[in-house]
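If you read the protein sequences in the order shown, they are chains A and B.
So the first sequence is numbered by our numbering: it starts at 1 and just counts up by one.
So the second sequence is numbered by our numbering: it starts at 1 and just counts up by one.
Number of protein chains: 2
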Amino acid sequence: MDETLLMIPGPTNVPRRVLEAMSAPILNHRGVEFGEILEDTNAMMSEVFQTNNESYLLTGSGTSGMEALLANVLEKDDKVLNIVGGKFGERLMQLTETFNGQSIELTVPWGHAVNPDDVKKILEENDDIKAVTMVHNESSTAVVNPLKEVGNVLKDYDALFLVDTVSSLAGDDVKVDEYNVDACITGSQKCLAAPPGMAAITINDEAWSVIDKVDSQTYYLNMKKYRKSGDKKPSQTPFTPSVSLVYAMQEALSIVLEEGLDERIKRHALGAKATRSAVKGLGLELFAEENAYSNTLTAIKMPEGVTDSDLRGTMRNKYGIELAGGQDHLKGNVFRIGHMGMTGLNELSMTFAALEMTLKELGQDIELGSGVVALEKAYL
Amino acid sequence: MDETLLMIPGPTNVPRRVLEAMSAPILNHRGVEFGEILEDTNAMMSEVFQTNNESYLLTGSGTSGMEALLANVLEKDDKVLNIVGGKFGERLMQLTETFNGQSIELTVPWGHAVNPDDVKKILEENDDIKAVTMVHNESSTAVVNPLKEVGNVLKDYDALFLVDTVSSLAGDDVKVDEYNVDACITGSQKCLAAPPGMAAITINDEAWSVIDKVDSQTYYLNMKKYRKSGDKKPSQTPFTPSVSLVYAMQEALSIVLEEGLDERIKRHALGAKATRSAVKGLGLELFAEENAYSNTLTAIKMPEGVTDSDLRGTMRNKYGIELAGGQDHLKGNVFRIGHMGMTGLNELSMTFAALEMTLKELGQDIELGSGVVALEKAYL
Numbered sequence: 001m002d003e004t005l006l007m008i009p010g011p012t013n014v015p016r017r018v019l020e021a022m023s024a025p026i027l028n029h030r031g032v033e034f035g036e037i038l039e040d041t042n043a044m045m046s047e048v049f050q051t052n053n054e055s056y057l058l059t060g061s062g063t064s065g066m067e068a069l070l071a072n073v074l075e076k077d078d079k080v081l082n083i084v085g086g087k088f089g090e091r092l093m094q095l096t097e098t099f100n101g102q103s104i105e106l107t108v109p110w111g112h113a114v115n116p117d118d119v120k121k122i123l124e125e126n127d128d129i130k131a132v133t134m135v136h137n138e139s140s141t142a143v144v145n146p147l148k149e150v151g152n153v154l155k156d157y158d159a160l161f162l163v164d165t166v167s168s169l170a171g172d173d174v175k176v177d178e179y180n181v182d183a184c185i186t187g188s189q190k191c192l193a194a195p196p197g198m199a200a201i202t203i204n205d206e207a208w209s210v211i212d213k214v215d216s217q218t219y220y221l222n223m224k225k226y227r228k229s230g231d232k233k234p235s236q237t238p239f240t241p242s243v244s245l246v247y248a249m250q251e252a253l254s255i256v257l258e259e260g261l262d263e264r265i266k267r268h269a270l271g272a273k274a275t276r277s278a279v280k281g282l283g284l285e286l287f288a289e290e291n292a293y294s295n296t297l298t299a300i301k302m303p304e305g306v307t308d309s310d311l312r313g314t315m316r317n318k319y320g321i322e323l324a325g326g327q328d329h330l331k332g333n334v335f336r337i338g339h340m341g342m343t344g345l346n347e348l349s350m351t352f353a354a355l356e357m358t359l360k361e362l363g364q365d366i367e368l369g370s371g372v373v374a375l376e377k378a379y380l
Numbered sequence: 001m002d003e004t005l006l007m008i009p010g011p012t013n014v015p016r017r018v019l020e021a022m023s024a025p026i027l028n029h030r031g032v033e034f035g036e037i038l039e040d041t042n043a044m045m046s047e048v049f050q051t052n053n054e055s056y057l058l059t060g061s062g063t064s065g066m067e068a069l070l071a072n073v074l075e076k077d078d079k080v081l082n083i084v085g086g087k088f089g090e091r092l093m094q095l096t097e098t099f100n101g102q103s104i105e106l107t108v109p110w111g112h113a114v115n116p117d118d119v120k121k122i123l124e125e126n127d128d129i130k131a132v133t134m135v136h137n138e139s140s141t142a143v144v145n146p147l148k149e150v151g152n153v154l155k156d157y158d159a160l161f162l163v164d165t166v167s168s169l170a171g172d173d174v175k176v177d178e179y180n181v182d183a184c185i186t187g188s189q190k191c192l193a194a195p196p197g198m199a200a201i202t203i204n205d206e207a208w209s210v211i212d213k214v215d216s217q218t219y220y221l222n223m224k225k226y227r228k229s230g231d232k233k234p235s236q237t238p239f240t241p242s243v244s245l246v247y248a249m250q251e252a253l254s255i256v257l258e259e260g261l262d263e264r265i266k267r268h269a270l271g272a273k274a275t276r277s278a279v280k281g282l283g284l285e286l287f288a289e290e291n292a293y294s295n296t297l298t299a300i301k302m303p304e305g306v307t308d309s310d311l312r313g314t315m316r317n318k319y320g321i322e323l324a325g326g327q328d329h330l331k332g333n334v335f336r337i338g339h340m341g342m343t344g345l346n347e348l349s350m351t352f353a354a355l356e357m358t359l360k361e362l363g364q365d366i367e368l369g370s371g372v373v374a375l376e377k378a379y380l
């Protein structure tokens with residue numbers, strides 16, 4: 001291989017087709033030709049979000065999408081229930097505070113998923129909660145939160161359901177309309193397998209009716225401006241977008257729909273299951289609790305006697321495979337394997353072969369082949 | 001030509017070298033290899049800003065840079081002097097209001113440059129002005145404001161000088177240190193000739209000392225986070241950046257420095273002068289007042305009896321050349337030619353040849369060759 005295999009939870013390896021689409025000449029972003037590309041791409045975004053809402057591309061990191069979720073909705077002292085079970089849940093809480101909301105934190109131990117009953121309890125106790133934030137797939141802990149079930153709880157309350165699906169959309173089921181999600185964001189560089197640098201957001205009528213009453217606390221990410229420009233003919237963005245990344249998103253979304261969204265999600269689920277089998281086959285331990293396993297990445301406890309820099313350094317420098325470390329207090333205690341985007345059996349088998357060799361070289365008592373064989377069995 | 005020639009004030013045509021650099025495989029954005037690219041690119045940014053400050057790339061449109069200028073500096077009711085002589089000056093005033101500042105507007109008629117004495121007068125009358133905002137090159141009117149002279153006025157006051165050089169950096173002199181600019185932003189898609197989607201900012205110690213005392217009103221564009229991540233080894237960004245566009249910026253900045261910053265600015269000045277000669281040769285009228293002419297684009301009054309859609313439509317559909325229209329109240333009254341980035345004699349001569357033919361076809365009484373000959377003479 002002449003390039004590093006990215007087995008991190010984003011950015012993921014980008015198909016050649018997408019990289020080539022990205023390098024097309026720049027079009028006038030206010031012209032008819034670009035407007036058609038934008039409309040087509042936004043329509044595919046809505047299809048992947050499984051919604052009838054309009055969707056909008058934002059030129060920015062996933063965090064710009066998170067900022068858009070809150071800065072358009074909140075006014076001073078608005079109460080927000082933040083479900084916090086990892087770094088990205090925390091970020092939504094920090095954003096709530098940046099935009100002058102009052103955060104009610106529902107703390108979930110790292111590695112666990114939220115219990116929908118706990119959400120219900122807090123909503124019962126506080127009838128003035130304006131919004132609930134949740135990260136669907138918490139990539140810091142490799143945990144998936146029960147999107148459908150929490151959405152079901154929210155049905156009986158006025159609070160908006162604001163959801164981050166940055167690391168799950170197109171790799172796990174995100175049925176925005178069916179699950180009562182009021183506003184949902186994602187990023188380009190995870191399961192969609194486009195390069196990083198774009199976020200996308202979809203907003204339903206209920207959320208719009210709140211947004212329309214609020215003076216947005218952001219100018220760049222003011223969604224009212226995006227709606228107004230999006231409605232123009234030709235369709236536009238309020239500020240010069242990343243034209244090349246819009247091309248990339250169009251191509252990446254076409255690939256998703258050619259594969260079929262359901263097929264793609266099934267492929268992610270199988271990759272996740274096979275990865276867990278391989279981890280267990282190797283005698284390693286999963287970090288997340290059972291029934292909370294993510295479809296798109298897996299967190300593994302660092303084996304006793306192995307340092308993060310030895311393990312990931314060997315994988316990177318000797319085998320050309322990039323794994324992710326732990327974040328915050330998990331630094332050095334877990335490592336993470338992303339299996340999202342275009343990643344499948346071949347990438348996982350080479351990763352586990354290299355991981356077996358790395359662990360052997362680092363003096364671990366493991367049986368060569370035990371991970372790869374378990375992986376193969378899961379796929380057969 | 002198989003692609004449209006962009007003669008608009010950004011995005012500009014991007015050199016093949018840059019498009020190819022952009023399509024390289026994605027690197028881990030927290031790794032050593034990417035960190036080196038980021039450091040190299042940021043260092044070149046500082047060189048082009050002509051500053052010893054650190055510079056930072058932002059994944060976003062130019063407007064994200066404008067937001068960063070104000071959202072990190074302002075607290076409620078801070079007084080800001082906004083110099084407003086066009087659409088982008090207005091935008092800095094709107095941003096001031098979004099971030100709860102008290103705007104003092106210095107209105108400059110569209111087509112004119114600000115008079116530094118007027119800035120001084122307002123600063124004398126208000127000793128509590130926290131910042132002055134100015135757009136160096138107002139692309140809505142094709143006017144350049146006197147950056148050096150306003151910076152010289154600011155030397156005697158505490159107010160920060162916050163400057164937008166989105167459409168001038170690398171096409172006109174922006175000596176951040178020498179001109180007393182405290183924070184300065186630019187965009188990727190103008191004179192730097194990279195694709196749109198990145199902004200850059202540089203901040204001096206005086207501005208940092210203010211920023212350090214303020215709770216930023218943005219999370220995504222919180223510059224304290226950018227500084228902290230930038231200082232890490234390897235250097236990083238706080239949120240997953242647009243990796244591909246960082247590659248593009250590195251290549252585009254390399255091209256700028258290979259050409260030589262001074263040479264590039266001279267080339268822009270010559271292109272601007274030749275364009276004005278050609279406009280006059282054709283018997284058309286410039287919109288901006290003399291001595292306020294931009295180096296990077298030219299605004300031309302729409303000839304009597306010609307509509308914007310006829311003129312720009314013919315140029316686009318028949319000749320494959322994209323010109324810009326007027327913005328806001330100038331819509332239909334002016335058209336604009338960008339001569340920024342890689343644009344030079346060849347692009348201008350084909351533009352004026354096509355413009356002559358277009359005007360003739362639209363029934364205007366012009367002499368074929370009168371624009372092109374004036375252009376040639378200016379270049380000879």
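Quick reminder that beta carbons are idealized off the backbone N, C-alpha and C, glycines included.
All values derive from a computational prediction rather than experimental measurement.
Reduced DSSP category for residue i - H, G, I as helix; E, B as strand; rest coil
i: S254 of chain B; result: helix
i: L297 of chain B; result: strand
i: N317 of chain A; result: helix
i: Q94 of chain A; result: helix
i: I265 of chain A; result: helix
i: S103 of chain A; result: strand
i: F352 of chain B; result: helix
i: A288 of chain A; result: coil
i: F88 of chain B; result: helix
i: G274 of chain A; result: According to the sequence provided, residue 274 of chain A is Ala. The question's Gly does not apply to it. If DSSP states are grouped into helix, strand and coil, A274 of chain A belongs with the helices.
i: S55 of chain A; result: strand
i: G171 of chain B; result: coil
i: N346 of chain A; result: helix
Among the options, the one whose alpha carbon lies nearest that of residue i
i: M66 of chain B; options: B:I104, B:T4, B:A200, B:E149; result: B:A200
i: G338 of chain A; options: A:A374, A:N100, A:G283, A:V143; result: A:V143
i: I211 of chain B; options: B:I321, B:V73, B:Y157, B:P196; result: B:V73
i: L106 of chain B; options: B:N100, B:P116, B:F99; result: B:P116
i: T63 of chain B; options: B:A24, B:E47, B:L92, B:T343; result: B:L92
i: E347 of chain A; options: A:E322, A:D328, A:L368, A:Q327; result: A:E322
i: D173 of chain A; options: A:R267, A:E39, A:H29, A:E54; result: A:R267
i: I129 of chain A; options: A:V150, A:Y219, A:G101; result: A:G101
i: L359 of chain A; options: A:A299, A:V279, A:N152, A:K213; result: A:V279
i: T51 of chain A; options: A:M198, A:P238, A:C184, A:A113; result: A:C184
Extent of the continuous beta strand (DSSP E) to which residue i belongs
i: S64 of chain A; result: Counting along the chain, S64 of chain A falls outside any beta strand (DSSP E), though it belongs to the alpha helix (DSSP H) covering 62-71.
i: D164 of chain B; result: 160-164
i: S209 of chain B; result: Taken as a continuous stretch (DSSP letters only), S209 of chain B belongs to no beta strand (DSSP E), being part of the alpha helix (DSSP H) at 205-211.
i: L123 of chain A; result: Per DSSP, L123 of chain A belongs to no beta strand (DSSP E); it is in the alpha helix (DSSP H), 116-125.
i: V135 of chain B; result: 129-135
i: A183 of chain B; result: 183-187
i: V334 of chain B; result: 334-338
N- and C-terminal bounds of the alpha helix (DSSP H) containing residue i
i: M45 of chain A; result: 32-48
i: S370 of chain B; result: 370-379
i: N152 of chain A; result: 147-154
i: S229 of chain B; result: 223-231
i: A21 of chain B; result: 16-22
When the Cβ atoms of the segment 56-76 of chain A are set against those of the segment 342-358 of chain B, are three or more pairs found closer than 8 Å?
-> At 8 Å Cβ cutoff, the stretches do not touch.
Residues from the segment 79-100 of chain B in contact with chain A, defined by Cβ distance under 7 Å | Q94, L95, T98
Would you check if there are 3 or more beta carbon pairs closer than 8 Å linking the segment 154-163 of chain A to the segment 129-138 of chain A?
-> Three or more Cβ pairs closer than 8 Å define a contact, and the segment 154-163 of chain A meets that threshold against the segment 129-138 of chain A.
Three or more C-beta pairs closer than 8 Å, one from the segment 263-277 of chain B and one from the segment 290-299 of chain B: is that the case here?
-> yes
Looking at chain B, which residues of the segment 334-352 of chain A have a Cβ within less than 7 Å of any of its Cβ atoms?
-> none
Tell me, please, whether the segment 307-318 of chain B touches the segment 243-256 of chain B by the rule of three or more beta-carbon pairs shorter than 8 Å.
-> no
Answer yes if the segment 228-235 of chain B comes into contact with the segment 73-84 of chain B, meaning at least three C-beta pairs across the two stretches below 8 Å, and no otherwise.
-> no
Scan the segment 241-270 of chain A for residues whose Cβ lies nearer than 7 Å to a Cβ of chain B and list them as they occur along the chain.
-> P241, S242, V243, S244, L245
Taking 8 Å as the threshold, find out whether the segment 12-19 of chain B comes into contact with the segment 14-34 of chain A through three or more Cβ pairs.
-> Yes, the segment 12-19 of chain B is in contact with the segment 14-34 of chain A.
Using Cβ-Cβ distances below 9 Å, what residues of the segment 41-57 of chain B are close to chain A?
-> Those residues of the segment 41-57 of chain B that come within reach of chain A (Cβ to Cβ, closer than 9 Å) do not exist; the list is empty.
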